[in-house]
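Chains R and E, in that order, are what the protein sequence lines are.
All residue numbers in the first sequence are consecutive under my numbering, ending with 918.
All residue numbers in the second sequence are consecutive under my numbering, ending with 918.
Beta carbons: idealized from backbone N, C-alpha and C, even for Gly.
Source: prediction; values computed, not measured.
Below is one structure; the comments refer to it alone.
2 protein chains.
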Amino acid sequence: MNTSIPPSGLPIAAVERDTGLAKDTLRVWERRYGFPSPARDSNGERVYSADQVDKLRLIRRLIDQGLRPAKLIGLEPAALSELLGGLGTAHPAADPARSAQFETILKFVRLHLHEDLRRSLQQLLMKLGLQRFVGEVLAPLNLLVGDAWLRGELEVPEEHLYTEQVQNLLRAAISSQAAASEGRPRVLLTTFPDEQHALGLLMAEAMMVPEGACCISLGTQTPLDDIRNAARAGRFDIVAVSFSAAFPARLALDGLRSLREGLPGETSLWAGGAGLQGIARKLPDIRIFDSIDELPDALRIWREAHPAPAQE
Amino acid sequence: MNTSIPPSGLPIAAVERDTGLAKDTLRVWERRYGFPSPARDSNGERVYSADQVDKLRLIRRLIDQGLRPAKLIGLEPAALSELLGGLGTAHPAADPARSAQFETILKFVRLHLHEDLRRSLQQLLMKLGLQRFVGEVLAPLNLLVGDAWLRGELEVPEEHLYTEQVQNLLRAAISSQAAASEGRPRVLLTTFPDEQHALGLLMAEAMMVPEGACCISLGTQTPLDDIRNAARAGRFDIVAVSFSAAFPARLALDGLRSLREGLPGETSLWAGGAGLQGIARKLPDIRIFDSIDELPDALRIWREAHPAPAQE
DNA sequence: TCAACATTTTGTCCAGGACAAAATATGAAC
DNA sequence: GTTCATATTTTGTCCTGGACAAAATGTTGA
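Spelled out as structure tokens, the structure:
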């Protein structure tokens with residue numbers, strides 16, 4: 607009759623899976639800070655209560671946001687939640703109708719309603735066209751999904767579902783537009799190693815292809831050397847790199863600087879994504895995008911500065 | 607000029623990521639069997655050579671197939687590869703044209719050609735119809751992909767790409783057929799906890815929906831209690847559970863027995879998937895499917911045994 | 001404002017002992 | 001021979017407590 611899990615507590619391996627904190631880390635926190643302080647079973651092995659795991663999850667999320675364990679571990683769960691809330695990106699509150707649509711879409715994600723999700727997105731895409739769809743729907747939706755994820759309202763499978771559906775939609779839309787492959791400028795898109803998120807790339811491509819640019823995507827996780835070589839070999843005009851919020855800003859800066867040096871002077875280097883927020887101007891000769899909406903304008907400016915394909 | 611990784615060796619954390627073997631396991635193997643025997647860096651930390659990691663990967667795959675470490679660790683890499691080759695499912699070698707198509711599709715998977723992959727599958731689906739597509743294309747293709755994965759010819763992202771594209775295709779096809787939702791029998795589809803593969807479920811659904819069955823999928827990883835409760839509450843005629851090759855047969859058997867006891871006698875319990883190969887007859891009152899092609903016939907037989915919806 | 005240096009924090013690594021769960025071998029009973 | 005229960009081996013995971021480098025932070029001087 608009772609096959610369900612006894613709600614007594616979780617062993618350390620399960621906590622590692624649930625929170626993403628390594629077993630070594632869990633043990634060393636216990637030694638240093640006194641938290642978590644799991645009970646022990648009859649074999650002397652750690653047994654973590656659900657409360658402790660919840661608090662650990664909160665701490666993990668905050669650490670991912672750049673806060674430090676020592677400042678967090680003493681706090682009450684309520685205080686941690688509050689911190690998380692405060693960190694959530696302030697949403698510019700688009701018009702209420704659109705907001706309601708977003709909530710509906712988020713509901714579909716939460717409930718795993720693949721079909722409904724796909725249909726809603728498809729409808730919005732048809733209604734707005736590709737570029738406005740990316741700028742007005744996907745950009746804010748990504749923020750919402752990111753926040754929900756941060757708060758723990760979404761789990762891995764839900765986030766995955768959202769990403770895959772959006773990718774499928776974008777790929778289909780882009781490939782239907784990409785007829786004229788001889789466009790200008792020639793843009794190379796990719797991400798750095800350790801950056802796995804392909805969504806930013808696709809969104810950038812979706813903004814540029816309708817402007818007549820010739821976009822080639824290398825996908826995610828391209829080593830710096832390979833980016834440099836590909837840019838040279840393919841005579842690209844622009845190299846565009848995307849960074850998700852999770853990407854360590856430090857790595858991004860170093861990498862961009864190094865890449866800039868390795869590229870020919872006439873090749874532009876563009877970078878964007880949530881991982882670059884707030885670290886602008888510091889980089890000479892690199893165009894940092896705060897918003898994906900700036901892409902079409904940037905393309906037009908590039909064209910004015912590089913007129914006349916001539917022959918070559 | 608040289609930002610690339612020095613090919614000297616990998617630290618233990620990287621080996622854990624690459625091979626899926628826990629750090630503790632790597633260390634205890636070294637202690638017990640003398641393999642792997644990594645070099646040490648200036649801090650005394652383990653540095654694994656590429657050769658050792660390759661051999662570890664082979665061993666890992668063979669262990670997943672049910673072999674035991676002690677028998678494997680002494681063998682040469684060549685012998686390990688041979689073992690892996692021998693284990694590959696013997697493929698019934700369909701007609702050569704179809705085989706060539708499969709190879710093309712596998713090539714698309716390897717090269718991350720999302721669009722080409724989607725299009726090839728879509729064409730086959732259109733040509734064959736949903737049921738034949740599942741039986742004649744997806745079933746053998748899954749074996750091929752599984753083998754390639756076993757051999758290390760595919761990595762996680764490739765396997766993922768394949769799965770997602772197939773899922774999208776099947777979901778779209780199923781939802782376009784599922785108009786008449788009042789069909790019979792009422793089938794509840796799901797997997798056990800720890801079984802994450804949803805493809806088998808979708809394929810089963812794709813075989814049954816065209817026969818007029820009313821399929822409700824709970825998705826993957828449903829606790830046994832929840833399956834039982836859902837089956838009772840929804841007055842289902844059939845509960846269908848799917849197991850991928852990676853699922854431990856022992857768990858499957860125990861779980862199925864336990865579930866059979868918890869279900870009303872008039873509810874049929876069906877189970878299938880690569881995880882159940884070779885452990886047939888042992889289970890009374892449970893229908894084990896060796897091949898997904900048996901589903902339509904099984905449905906017809908069920909209908910003959912349960913005629914006349916009467917009223918209710 | 002930035003760069004260079006000193007200090008603290010923090011995650012990961014190590015050794016080697018222990019033990020339970022899984023797999024296998026052994027034997028009894030039908 | 002097959003099925004079941006029981007002994008034995010194999011194997012993965014957990015434990016403690018020490019160590020240290022990389023990252024983050026604080027400090028100083030141009």
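Terminal residues of the beta strand (DSSP E) in which E:Phe895 lies: Counting from one through the second sequence, the residue named residue 895 of chain E turns up at place 289. Here the beta strand (DSSP E) through E:Phe895 covers 892-895.
DSSP state of R:Ile844 mapped onto helix, strand, coil: Taking the first sequence and counting its residues from 1, one reaches residue 844 of chain R at position 238. Three-state result, R:Ile844: strand.
The stretch 819-831 of chain R contacting the stretch 764-773 of chain R, beta-carbon criterion three pairs below 8 Å: no
8 Å CB neighbourhood of R:Trp755 in its chain, flanking five on each side removed: Indexing the first sequence from 1 puts residue 755 of chain R at position 149. Cβ within range, chain order: Glu765.
Top-ranked residue by Cα proximity to R:Val653, from R:Val621, R:Ala706, R:Arg738, R:Gln883: Sequence index remark: in the first sequence, residue 653 of chain R carries index 47 (1-based). Checking every option, the nearest Cα to that of R:Val653 belongs to R:Val621.
Simplified DSSP assignment, three categories, for E:Ile898: As a working mapping, residue 898 of chain E is identified with position 292 in the second sequence. Coil.
Exposure label - E:Trp736; buried when at least 16 CB within 10 Å: In the second sequence, residue 736 of chain E corresponds to position 130, counting from 1. It should be pointed out that residue 736 of chain E corresponds to Leu in this sequence rather than to Trp. That one is buried.
Rounded straight-line distance, which links the Cα of E:Thr625 to that of E:Glu651: On the second sequence, residue 651 of chain E is found 45 positions in, with the first residue counted as 1. On the second sequence, residue 625 of chain E is found 19 positions in, with the first residue counted as 1. If you take the alpha carbons of E:Glu651 and E:Thr625, they lie about 18 Å apart.
Counted within 10 angstroms of its Cβ, other Cβ atoms place E:Val634 as buried (16 or more) or exposed: To locate residue 634 of chain E, count along the second sequence from 1; it is residue 28. By the 10 Å Cβ count, E:Val634 comes out exposed.
Reference E:Leu882; option with closest CA among E:Pro829, E:Phe895, E:Pro890: Taking the first residue of the second sequence as 1, we reach residue 882 of chain E at position 276. Out of E:Pro829, E:Phe895, E:Pro890, the CA that lies nearest to the CA of E:Leu882 is found in E:Phe895.
Status (buried if at least 16 other CB within 10 Å, exposed otherwise) for R:Glu811: Position 205 of the first sequence, counting from 1, holds the residue named residue 811 of chain R. That one is buried.
E:Leu627 vs E:Leu662 beta-carbon contact at 8 Å: One-based indexing of the second sequence puts residue 627 of chain E at position 21. One-based indexing of the second sequence puts residue 662 of chain E at position 56. Yes, they are a contact pair.
Member of R:Lys713, R:Leu744, R:Ile665, R:His718 whose CA lies at the smallest distance from the CA of R:Gln728: For this step, residue 728 of chain R is matched to residue 122 along the first sequence. Checking every option, the nearest Cα to that of R:Gln728 belongs to R:Leu744.
Three-state class that DSSP yields for R:Arg674 in the structure shown: Within the first sequence, numbered from 1, the residue matching residue 674 of chain R stands at position 68. If DSSP states are grouped into helix, strand and coil, R:Arg674 belongs with coil.
Under 9 Å (Cβ pairs) to chain E, residues found in the stretch 705-722 of chain R: Of all residues in the stretch 705-722 of chain R, His718, His720, Glu721 have a Cβ within less than 9 Å of some Cβ in chain E.
For R:Arg792, the residue or residues it bridges with in DSSP: Working through the first sequence from its first residue, we reach residue 792 of chain R at position 186. Paired residues: R:Cys820.
R:Arg646 (DSSP reduced to helix, strand or coil): The count along the first sequence starts at 1 and reaches residue 646 of chain R at position 40. Reduced to three states, the DSSP call for R:Arg646 is strand.
Beta-carbon gap between E:Met813 and E:Val740 smaller than 8 Å: As a position in the second sequence, residue 813 of chain E is number 207, starting the count at 1. As a position in the second sequence, residue 740 of chain E is number 134, starting the count at 1. In this structure, E:Met813 lies near E:Val740, with their beta-carbon atoms less than 8 Å apart.
Under 8 Å from the C-beta of E:Gly825: neighbouring residues of chain R: Counting from 1 along the second sequence, the entry for residue 825 of chain E is found at position 219. Near E:Gly825 (Cβ distances below 8 Å), the residues of chain R are His718.
Three-state class that DSSP yields for E:Ala619 in the structure shown: One-based indexing of the second sequence puts residue 619 of chain E at position 13. Residue state, collapsed to three classes: helix.
Whole-angstrom C-beta distance between R:Leu794 and R:Ala836, which should lie under 8 Å: In the first sequence, counting from the first residue as 1, residue 836 of chain R sits at position 230. In the first sequence, counting from the first residue as 1, residue 794 of chain R sits at position 188. That belief holds up - the Cβ atoms of R:Ala836 and R:Leu794 are roughly 6 Å apart, short of 8 Å.
Coarse secondary structure for E:Leu627, derived from DSSP in three states: Sequence index remark: in the second sequence, residue 627 of chain E carries index 21 (1-based). In the structure shown, E:Leu627 sits in coil (DSSP, three-state: anything other than H, G, I, E or B).
Pairwise C-alpha distance: R:Ile711 and R:Leu719: Within the first sequence, the letter at position 113 stands for residue 719 of chain R. Within the first sequence, the letter at position 105 stands for residue 711 of chain R. If I take the Cα positions, the gap works out to 9 Å.
Simplified DSSP state of E:Gly868, which is helix, strand or coil: Taking the second sequence and counting its residues from 1, one reaches residue 868 of chain E at position 262. Residue state, collapsed to three classes: helix.
Simplified DSSP assignment, three categories, for E:Gly878: Looking up residue 878 of chain E in the second sequence gives position 272. The answer is strand: DSSP assigns E:Gly878 an E or B state.
R:Arg757 (DSSP reduced to helix, strand or coil): Within the first sequence, residue 757 of chain R is the residue found at index 151, counting from 1. Residue state, collapsed to three classes: coil.
Start-to-end residues for the alpha helix (DSSP H) that takes in E:Val762: Numbered from 1 along the second sequence, position 156 holds the residue referred to as residue 762 of chain E. Segment 762-783, the alpha helix (DSSP H) holding E:Val762.
Same chain, Cβ closer than 7 Å to E:Arg646, neighbours up to 5 away in sequence not counted: In the second sequence, the residue the question calls residue 646 of chain E occupies position 40. Spatial neighbours of E:Arg646 in its own chain (CB-CB distance under 7 Å, excluding positions within 5 residues in sequence) are listed in chain order as Arg652, Val653.
Distance CB(E:Arg792)-CB(E:Asp843) smaller than 8 Å: Reading the second sequence from its first residue, position 186 is the one you call residue 792 of chain E. Reading the second sequence from its first residue, position 237 is the one you call residue 843 of chain E. In this structure, E:Asp843 lies closer than 8 Å to E:Arg792 by Cβ.
Contacting positions in the stretch 764-783 of chain R - beta carbon closer than 7 Å to chain E: Glu770, Asn774, Arg777, Ser781
Length of the line joining the Cα atoms of R:Ile833 and R:Arg841: By 1-based counting over the first sequence, the position of residue 833 of chain R is 227. By 1-based counting over the first sequence, the position of residue 841 of chain R is 235. Looking at the two C-alpha atoms, the distance is approximately 12 Å.
is_contact[E:Leu805, chain R] using C-beta, thresh 8 Å: Position 199 of the second sequence, counted from the first residue, corresponds to residue 805 of chain E. Not an interface residue.
Identity of the residue in E:Glu817, E:Glu872, E:Arg674 nearest E:Arg838 by Cα: Residue mapping note: residue 838 of chain E aligns to position 232 of the second sequence, counting from 1. Checked all of E:Glu817, E:Glu872, E:Arg674; the closest Cα to E:Arg838 is E:Glu872.
R:Arg893 versus R:Glu742: straight-line alpha-carbon distance, rounded: Counting from 1 along the first sequence, the entry for residue 893 of chain R is found at position 287. Counting from 1 along the first sequence, the entry for residue 742 of chain R is found at position 136. Those two C-alpha atoms are separated by around 22 Å.
Through-space distance from R:Leu808 to E:Glu721, alpha-carbon basis: Start at 1 with the first residue of the second sequence, and residue 721 of chain E comes out as number 115. Start at 1 with the first residue of the first sequence, and residue 808 of chain R comes out as number 202. Their Cα atoms are separated by approximately 13 Å.
Euclidean distance between Cα positions of R:Ala778 and R:Leu717: Position 172 of the first sequence, counting from 1, holds the residue named residue 778 of chain R. Position 111 of the first sequence, counting from 1, holds the residue named residue 717 of chain R. Their backbone Cα atoms lie some 25 Å apart in a straight line.
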